[in-house]
Ligand code: B1M
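Numbering (my numbering), first residue to last: 217 to 428.
Below, the structure is given as structure tokens:
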């Protein structure tokens, strides 16, 4: 069995210690961090999502898998971060109001920091007002919002609407992402960009900032 398959299997059963050890072993064996992330940790989480959807597993199983995912991410984080790059701009990042899913948002944050951006991470369950107030206070170039629930996506629209009302649209750019969020939805709510994964989010933020 390949080491990436072992990571997937141990993440699915929520064994955080094994996922941590296997991630370290994969790093030591020279497997690329991006491959460990995509074909190990994220692949395992996708299986969990499918099993949860099919009612084959329950919420505590998902939580244990999430904990195992974090154990692996802790090992990868230093490799995904490159220190000492001058910041091309500030990004206020968070998961929207009512939504507690923060794994994808945290990955986006790690990758943005790795590309040199200063990231102000507001965590999860962030109100529209908090996004805008923080962006104003820190003179941020971009607000990045993540949503994993179809029921919470609408909070993104409150931010784009409010920015427009306050005359800040265009000056503070907005990028949205998360499993249920599409490029069409981003256009519909007046966001400036959609990121389909963490690496793509970095590319999109770079181009938003170069437009400013
Ligand atoms: Co929940 N959950 N969950 N969950 N959960 C989903 C999202 C779900 C699809 C599962 C399912 O039914 N198949 C479903 C949503 C259905 C829907 O709305 N259509 C669901 C549900 C229903 C729920 C609850 C309502 C369950 C309940 O209580 N009955 C509940 C809601 C709680 C709440 O938020 N208020 C709930 C709870 C939880 C846990 C707390 C147990 C846990 C979250 C733990 C945590 O995040 N700390 C959890 C998890 C882990 C999941 C699944 C299994 C995995 C999500 C994940 O972390 N994926 C998920 C199923 C799935 O998505 N396959 C599911 C890995 C992560 C790397 O991917 O977040 O998509 P993702 O991020 C990607 C991209 O989307 C993108 O880049 C990332 C990296 O590639 N991206 C961005 C994300 N944000 C971005 C922002 C950007 C750009 C790109 O720019 C700013």
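Glycine is no exception: its CB is placed at the ideal position from the N, C-alpha and C atoms.
Grouping DSSP H, G and I as helix and E and B as strand, with all else coil, what is residue i?
| i | result |
| --- | --- |
| residue 297 | coil |
| residue 367 | coil |
| residue 334 | strand |
| residue 383 | coil |
| residue 429 | Within the shown structure, residues of the chain are numbered from 217 to 428, placing residue 429 beyond reach of any answer. |
| residue 409 | strand |
| residue 264 | helix |
| residue 362 | strand |
| residue 256 | helix |
| residue 319 | helix |
| residue 388 | strand |
| residue 247 | coil |
I want to check one thing, is the minimum distance from the CB of residue i to the heavy atoms of the ligand B1M below 6 Å?
| i | result |
| --- | --- |
| residue 216 | This structure does not reach residue 216, given that the chain is present from 217 up to 428, and the question cannot be answered. |
| residue 320 | yes |
| residue 268 | yes |
| residue 423 | no |
| residue 350 | no |
| residue 273 | no |
| residue 284 | no |
| residue 364 | yes |
| residue 417 | yes |
| residue 323 | yes |
| residue 261 | yes |
| residue 315 | yes |
| residue 254 | no |
| residue 287 | no |
| residue 230 | no |
| residue 336 | no |
| residue 235 | no |
| residue 264 | yes |
Report yes if the CB atom of residue i is closer than 7 Å to the CB atom of residue j, and no otherwise.
| i | j | result |
| --- | --- | --- |
| residue 227 | residue 260 | yes |
| residue 357 | residue 425 | yes |
| residue 420 | residue 409 | yes |
| residue 297 | residue 360 | no |
| residue 367 | residue 312 | no |
| residue 363 | residue 315 | yes |
| residue 220 | residue 256 | yes |
| residue 411 | residue 391 | yes |
Check whether the segment 319-328 touches the segment 370-380, taking contact to mean three or more Cβ pairs, one atom from each stretch, closer than 8 Å. no
When the Cβ atoms of the segment 233-245 are set against those of the segment 268-278, are three or more pairs found closer than 8 Å? no
On the three-pair Cβ rule with 8 Å, is the segment 279-299 touching the segment 239-257? yes
Inspect the CB distances between the segment 391-407 and the segment 336-348 and report whether three or more fall short of 8 Å. no
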